[in-house]
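Participant: In this note's numbering, the protein residues as written are 2 to 179. Using N, Cα and C, we set each Cβ at its ideal position, and we do this for glycine too. In this text, all values refer to a predicted model and were calculated from it rather than measured experimentally.
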């Protein structure tokens with residue numbers, strides 16, 4: 002399964018991507034808002050152990066690699082968490098982009114393609130994103146795509162040795178493209 006956009010292609014991550022993903026996910030600036038906490042290659046092993054090889058399996062994460070077409074470089078990834086619900090129609094998305102490729106519209110381009118796939122092909126009803134409220138760039142991005150803020154939980158997550166807030170953004174299928 003490969004998706005093409007104007008400047009990117011998206012495909013499932015594979016074990017050969019480990020070093021490329023480690024390069025940007027272990028960067029302190031990138032890791033600041035991440036729950037994955039990747040600091041060593043052993044952490045990468047744990048990351049890959051949690052990824053499903055099949056898409057749309059309730060209770061699992063499926064990870065897409067974001068590849069820049071011109072350079073063929075892996076510049077980020079998008080995770081889709083298929084939530085365990087009675088109808089299997091809700092998902093959570095997460096995304097990470099190498100700091101050297103931010104501010105160029107790549108994340109928006111990639112997310113738009115994956116969200117469209119989730120809604121139009123997998124018939125998902127609701128997509129959520131959990132974001133650190135201090136990650137204002139990510140909040141701006143998700144709002145531009147059309148997500149709305151649903152909740153702000155105070156000190157609800159214990160990440161990297163401290164309690165942090167969590168904001169939840171969501172979009173319903175009927176809101177997509179409106």
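Between the beta-carbon of residue 108 and the beta-carbon of residue 147, is there less than 8 Å?
Facilitator: Cβ distance not < 8 Å, so residue 108 and residue 147 don't count as in contact.
Participant: Just checking, does the segment 12-28 make contact with the segment 125-139 on the three C-beta pairs under 8 Å criterion?
Facilitator: Flag = no, the segment 12-28 and the segment 125-139 do not touch.
Participant: So, helix, strand or coil for residue 112, using DSSP?
Facilitator: Helix.
Participant: How about residue 152: is its Cβ closer than 7 Å to a heavy atom in the ligand MG?
Facilitator: Because no ligand of any kind appears in the structure shown, any question about the ligand MG cannot be addressed here.
Participant: Taking the Cβ atom as the reference point for each residue, do residue 52 and residue 45 lie within a distance shorter than 8 Å?
Facilitator: Not in contact: residue 52 and residue 45 (Cβ atoms no closer than 8 Å).
Participant: With a threshold of 8 Å, are at least 3 pairs of Cβ atoms found where one atom belongs to the segment 137-144 and the other to the segment 55-69?
Facilitator: The segment 137-144 vs the segment 55-69: no contact.
Participant: Strictly by DSSP, which residues pair up with residue 24?
Facilitator: For residue 24, which the question treats as bridged, DSSP gives no partner whatsoever.
Participant: Tell me the rounded alpha-carbon separation between residue 149 and residue 171.
Facilitator: The straight-line gap from Cα to Cα measures roughly 6 Å.
Participant: Would you say residue 128 and residue 143 are within 8 Å of each other, going by their C-beta atoms?
Facilitator: No, the pair does not count as a contact, with Cβ atoms beyond the cut-off.
Participant: Taking 8 Å as the cut-off, decide whether the C-beta atoms of residue 1 and residue 75 are in contact.
Facilitator: Shown here, the chain extends from 2 to 179; a query on residue 1 therefore has no answer.
Participant: When the distance is taken between beta carbons, is residue 165 closer than 8 Å to residue 156?
Facilitator: Cβ distance < 8 Å, so residue 156 and residue 165 count as in contact.
Participant: Could you work out which residue in 14, 100 and 84 is closest to residue 1 when comparing CA atoms only?
Facilitator: Nothing can be reported for residue 1, as the shown portion of the chain is limited to 2 through 179.
Participant: Using the C-alpha atoms, what's the distance from residue 10 back to residue 80?
Facilitator: Rounded to the nearest angstrom, the two C-alpha atoms are 15 Å apart.
Participant: Are the CB atoms of residue 110 and residue 8 nearer to each other than 8 Å?
Facilitator: In this structure, residue 8 lies closer than 8 Å to residue 110 by Cβ.
Participant: Select from 5, 6 and 42 the residue whose C-alpha is nearest the C-alpha of residue 20.
Facilitator: Comparing Cα positions, the closest option is 42.
Participant: Shortest alpha-carbon distance to residue 69 belongs to which of 151, 101 and 49?
Facilitator: Nearest option by C-alpha distance: 101.
Participant: With 16 other CB atoms within 10 Å as the buried threshold, where does residue 66 fall?
Facilitator: So residue 66 ends up on the buried side.
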